[in-house]
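Residue numbers (the numbering used here), protein chains in the order written: chain G, 79 to 645; chain B, 79 to 645.
Even glycine gets a Cβ: it sits at the ideal position worked out from N, Cα and C.
The model shown is predicted, which means the values in this text are computed figures rather than measured ones.
Report on the following structure.
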């Protein structure tokens, strides 16, 4: 069962829905010509299809293990990583001064999408490095940049993010790790960190940990937290990895999926660290990185969904069963067709949102316009949560398409579901994303939301002649969403927003998906029009029940007491 | 993390929603007094909590294995099985003439619910036996009954169902296994069967396989299939297991979950079999068994959901994170409360439907009234599909409540999701259930459906004074469902029914859940009223978008070509 990168779909969405033309039209991204985009997508597609996809199952069967303090990675992962690094795929959007390609985040997003479909557990490694590269570009000193960025961008070294501690998960402000000044400009970092993705490996020369810790004068909560670079091997004067730092992998987790990715408990015992950004400014630095990492994780979700979709399509086209007409395969059965169409339509919607998000980030970088910045910030939680929920739902439906075979591990369908499950949890659970959306991202009084809704309503108006019914459905859905957004903005008690935050986020994604599908129908491609009809007539109506849930507020929910659950 | 059997919830639903009083009022089930019911539920609860629940994780960690042709089961399973057998829990509803208790299926359902929460993979074994006992009671000769039923009911022997072959899954009529008359009244059975749950074990004296095969003069398709009893060890004249039959376990599957349950590929090489029922009447005999097995599998789904719910509640009550008010635990966060309330409300709805289904079966058995028979047949696919979908959804949400811990296997949350996944597939996929509902179960012109809707609408009317808003919502939802049911019945092209079958089934379950919650609110229990408000105001609205999907028919869906998926 082989993966084929959906280069055409991605290119179509970039050009026709996400508005990549505007990005390519900026001075900063003038190099992102059509030819360059083609070359990037085509080359990355080859690597994903030929090198990464064959590593998907071996990583599941032969998890990374900790042996005598050393992490041994899954068979073939070292070679797979080398292909990613040598292709330049880690630093597509990184600073050219340090070896990056300086190309738009939209292209990074497209390539991450493909890599996620091909081998999610390995792709998580460069995704972490990309986040670290961005954090260093924005917050590190020139010295640190000069030392670390070339190595991270080339892939010789890789990066991790160390936030979580046993008592500090979603509430990162509760962390206890300490940083004591050594008097020479460095710090001694101590503490335990958990859930460290790719906490170690046996194929990069060094592993660079970005660690959140509290200085002696750091206040309690998030405002007293600082960020430190804590390398596994301390670079010598020439930048070569030298002395072993005082840190170690204590254990690796046994996880539901993503077995190829070693998830470590890390122990720092006075390890030498370098401050990144300002003292007590760790959270701000982390947020820079986190916003784009959230886009990256949303893309993991939709990438895994694409993999599961292709896997299910191949099975449904091949499998004969029952009195199916046409090709005689189960794809002719209405219910199988319904499942595959749902999967395909939702992957399309999630990818559209991710690329819209990436374009907004690129436009922010290129123009520094507040409008784009607000757009990017607003779309990020939607992209993360809907992308990963779609990953879970599509992978789950993919199992169902396989019937009994779906439950058998050899088939590979179940692995997509097990692997992708964590994406709805890490990098901020999807509940946290939704709370971010209805609180922080509506703090502008809904300005960013209403601007986006107005824009897509206008593009909907323009389609009314060609597709009156479809356009009317999308237009009305946008209107319903606007009304509920107005209601949300007027709720002063945040609990009233939080109670319906998850349904609201999903409704917003549903409506954006309606917009994307409608625009796809307008493009004149008959297949895209058929899928758009399916989505708009059958899946979009869900937004109404989600908005009804949202507008219930919190009173009835919070009236349910903890004791009510004790029965 | 310990399981506590929800005896009160089950009893409440039996008495107040499912109408168990009518069953206990029949002559046949006069023994099912309140005291008897209490005793059964209390004793079974103890066994589930103390004996079965501790086997849940060992079964996952130490799957059943095939060694030199012998299946070795998971640690503790032999003792667990013994407790089930000795408690009499296999034969609660079996014929007292052969050692059963002769009690209503409603009680079997309640006990299966608890056993499924405690240890799904082991519970699957007696569930298979229960189906076999029922098939033999209805279709076997007196000799076979006398020989097999006492052993199956006591649990000394256990039973399996052998339908599926590699080319014959949902399309059972495509099977190729053969039965040749031996001339002495027995048959030589040959063929390969796959996905045989509990195909062998090391704790029962014998394993009795019910095998579908084709006689030499059997026509192609389902009408040429016969059913045979093919024991692992052929009983001697005294009924003791004797000579090894010509059958073997070829291999066990590596599955996503349910590791404690050995799923076998079985090879029959001229094994001796005895005809059950009429020649070429195998499908009819299988259907008797399958209808109740489908109820049983729906109950597995909701039982697993109950287990996952309790697991998540315990975590949420214990875990401190962020600025939570009240108890300081994450259960105080609105989004966590929303997840737990959704889980609890849906388990309640699924359990209500299962018990309504069981009551209809019992009333059929006791009264032989066509009305009850039609009710039971109608509810069965809804119970199976909604129960198992709820199992998957609730277990998935249970992982999310655990945050990062949910993805770590030691926590146990992931196992519920992995184990329960197959329940939406086996015993007829949920797609097959939905097609059964909209085709066969509406073949009466909707009579059974409309009778049920009328009944619940009347009970809704009676609540309008006390809860005008809730009652109005439920009443309107029933009305919407009736309209779509009328539309479905009027579709002559079955494809137009099949295209929306899955959303329709779910909408029906949503509405039945609304009915159950409304009745629970009326009972005067404040906690139940709070949960009912949550369900009716926030979850019930989903029915509208599902019905919209249903009424789209098939044209637009089937217009999507197989080639459209090739991109």
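Beta-bridge partners of residue 240 of chain B, as assigned by DSSP: Numbered from its first residue, the second chain carries residue 240 of chain B at position 162. For residue 240 of chain B, the pairing in a beta bridge is given by DSSP as B/289.
If the criterion is Cβ atoms closer than 8 Å, does the pair residue 267 of chain G and residue 349 of chain G meet it? Here the question's residue 267 of chain G lines up with position 189 in the first chain. Here the question's residue 349 of chain G lines up with position 271 in the first chain. For residue 267 of chain G and residue 349 of chain G, yes; Cβs fall inside 8 Å.
Would you decide whether residue 319 of chain G is buried or exposed? Buried here means 16 or more other CB atoms lie within 10 Å of its CB. Counting from one through the first chain, the residue named residue 319 of chain G turns up at place 241. Classification for residue 319 of chain G: buried.
Taking the CB atoms as reference points, tell me whether residue 473 of chain B and residue 362 of chain B lie closer together than 8 Å. Locating residue 473 of chain B in the second chain gives position 395, where the first residue counts as 1. Locating residue 362 of chain B in the second chain gives position 284, where the first residue counts as 1. Pairing residue 473 of chain B with residue 362 of chain B gives a Cβ-Cβ distance that is not under 8 Å.
If you pair each beta-carbon of the region 388-400 of chain B with each one of the region 476-491 of chain B, do three or more pairs fall below 8 Å? The count of Cβ pairs closer than 8 Å, one atom from the region 388-400 of chain B and one from the region 476-491 of chain B, reaches three, so the stretches are in contact.
I'd like to know if residue 634 of chain G contacts chain B, where contact means its C-beta is closer than 8 Å to some C-beta of that chain. Stepping through the first chain from its first residue, residue 634 of chain G is reached at position 556. At least one chain B Cβ lies under 8 Å of residue 634 of chain G.
Just the chain B side, please: which residues come within less than 7 Å of residue 543 of chain G by C-beta, in chain order? Here residue 543 of chain G refers to the residue found at position 465 of the first chain. Within 7 Å Cβ-Cβ: nothing; residue 543 of chain G doesn't reach chain B, min ~20 Å.
Quick check on DSSP: helix, strand or coil for residue 501 of chain G? Mapped onto the first chain, residue 501 of chain G falls at position 423. Note: residue 501 of chain G maps to helix in three-state DSSP.
When the cut-off is 8 Å and only beta carbons count, does residue 474 of chain G lie next to chain B? As a position in the first chain, residue 474 of chain G is number 396, starting the count at 1. With 8 Å as the cut-off, residue 474 of chain G counts as an interface residue toward chain B.
Should residue 574 of chain G and residue 631 of chain G be called a contact, given that it needs their Cβ atoms to be closer than 8 Å? Translated into positions along the first chain, residue 574 of chain G becomes position 496. Translated into positions along the first chain, residue 631 of chain G becomes position 553. Between residue 574 of chain G and residue 631 of chain G, the gap from beta carbon to beta carbon is short of 8 Å.
Quick one, which of G/370, G/586, G/330, G/555 has its alpha-carbon nearest residue 172 of chain G's? Locating residue 172 of chain G in the first chain gives position 94, counting from the first residue. Looking at the Cα atoms, G/370 is the closest of the given residues.
Using only the alpha-carbon positions, how far apart do residue 463 of chain G and residue 197 of chain G sit? For the purposes of this step, residue 463 of chain G is taken as the residue at position 385 of the first chain. For the purposes of this step, residue 197 of chain G is taken as the residue at position 119 of the first chain. Residue 463 of chain G and residue 197 of chain G: Cα-Cα distance of roughly 20 Å.
Residue range of the unbroken beta strand (DSSP E) whose run includes residue 256 of chain G: Here residue 256 of chain G refers to the residue found at position 178 when the first chain is read from its first residue. First-last of the beta strand (DSSP E) with residue 256 of chain G: 256-259.
Does the beta-carbon of residue 187 of chain B have 16 or more other beta-carbons within 10 angstroms, so that it is buried, or is it exposed? What you label residue 187 of chain B is simply residue 109 of the second chain in a count that begins at 1. That one is buried.
What is the residue span of the alpha helix (DSSP H) that residue 85 of chain B lies within? Here residue 85 of chain B refers to the residue found at position 7 when the second chain is read from its first residue. Segment 85-90, the alpha helix (DSSP H) holding residue 85 of chain B.
Partners in chain B for residue 512 of chain G, counting only beta-carbon separations shorter than 9 Å: Here the question's residue 512 of chain G lines up with position 434 in the first chain. Correct list: 413.
Contacts that residue 399 of chain B makes with chain G (C-beta to C-beta distance below 7 Å): As a working mapping, residue 399 of chain B is identified with position 321 in the second chain. Against chain G, the beta carbon of residue 399 of chain B has neighbours under 7 Å at 247, 248, 249, listed in chain order.
Along the chain, which unbroken stretches of the alpha helix (DSSP H) at least 4 residues long are found entirely within the region 148-185 of chain B? The qualifying runs are 155-165.
Just the Cα atoms here: how many angstroms apart are residue 176 of chain B and residue 217 of chain B? Looking up residue 176 of chain B in the second chain gives position 98. Looking up residue 217 of chain B in the second chain gives position 139. Taking the straight line joining both Cα atoms gives about 15 Å.
Residues of chain G with a CB under 9 Å from the CB of residue 615 of chain B: which are they? On the second chain, residue 615 of chain B is found 537 positions in, with the first residue counted as 1. At a C-beta separation below 9 Å, residue 615 of chain B has these neighbours in chain G: 626, 627, 630, 634.
When the cut-off is 8 Å and only beta carbons count, does residue 199 of chain G lie next to chain B? Taking the first chain and counting its residues from 1, one reaches residue 199 of chain G at position 121. By this cut-off, residue 199 of chain G is not an interface position.
For residue 432 of chain B, collect the residues of the same chain with a Cβ closer than 8 Å to its Cβ; drop the 5 residues on either side in sequence, then sort them by chain order. Here the question's residue 432 of chain B lines up with position 354 in the second chain. The answer, listed in chain order, is 187, 191, 373, 376, 377, 380, 461, 465.
According to DSSP, is residue 568 of chain B part of a helix, a strand, or is it coil? On the second chain, residue 568 of chain B is found 490 positions in, with the first residue counted as 1. If DSSP states are grouped into helix, strand and coil, residue 568 of chain B belongs with coil.
Rank G/584, G/498, G/444, G/152 by C-alpha distance to the C-alpha of residue 102 of chain G and give the top, closest one. For this step, residue 102 of chain G is matched to residue 24 along the first chain. When G/584, G/498, G/444, G/152 are compared, the shortest CA-CA separation from residue 102 of chain G is found for G/444.
Shortest alpha-carbon distance to residue 179 of chain G belongs to which of G/548, G/115, G/226? Within the first chain, the letter at position 101 stands for residue 179 of chain G. Selected option, being the one with the closest Cα: G/115.
Below 9 Å on C-beta distance, what does residue 333 of chain B contact in chain G? Here residue 333 of chain B refers to the residue found at position 255 of the second chain. Within chain G, the residues near residue 333 of chain B are 485, 486, 487, 492.
From the beta carbon of residue 582 of chain B, is the nearest beta carbon of chain G less than 8 Å away? By one-based count along the second chain, residue 582 of chain B stands at place 504. Closer than 8 Å: no.
At what residues does the beta strand (DSSP E) containing residue 354 of chain B begin and finish? By 1-based counting over the second chain, the position of residue 354 of chain B is 276. That run of the beta strand (DSSP E) goes 341-354.
Beta-carbon contacts of residue 490 of chain B that lie in its chain and below 8 Å, excluding the five residues immediately before and after: Looking up residue 490 of chain B in the second chain gives position 412. The residues are 79, 134, 135, 389.
From the DSSP output, in three-state form, read off residue 297 of chain G for me. As a working note, residue 297 of chain G is residue 219 in the first chain. Note: residue 297 of chain G maps to coil in three-state DSSP.
Taking the alpha-carbon positions, what's the residue 317 of chain G to residue 608 of chain G distance? Your numbering for residue 317 of chain G matches position 239 in the first chain. Your numbering for residue 608 of chain G matches position 530 in the first chain. Straight-line Cα distance between these residues: approximately 56 Å.
Relative to the alpha-carbon of residue 165 of chain G, which residue among G/221, G/241, G/120 has its alpha-carbon at the smallest distance? Within the first chain, numbered from 1, the residue matching residue 165 of chain G stands at position 87. That would be G/120, whose Cα lies nearest to the Cα of residue 165 of chain G.
Would a C-beta distance cut-off of 8 Å place residue 646 of chain B and residue 413 of chain G closer than the cut-off? No information on residue 646 of chain B is available, as it lies outside the stretch 79 to 645 that chain B covers here.
Chain G contact for residue 609 of chain B (CB, 8 Å cutoff): The sequence position of residue 609 of chain B within the second chain is 531, counting from 1. It does; some Cβ of chain G falls within 8 Å.
Exposed or buried, which one is residue 148 of chain G when buried takes at least 16 other CB atoms within 10 Å? Residue mapping note: residue 148 of chain G aligns to position 70 of the first chain, counting from 1. It is exposed - the Cβ of residue 148 of chain G has fewer than 16 other Cβ atoms within 10 Å.
Since residue 143 of chain G is in the beta strand (DSSP E), which residue starts that stretch and which ends it? On the first chain, position 65 is the one that residue 143 of chain G refers to. For residue 143 of chain G, the enclosing beta strand (DSSP E) starts and ends at 143-145.
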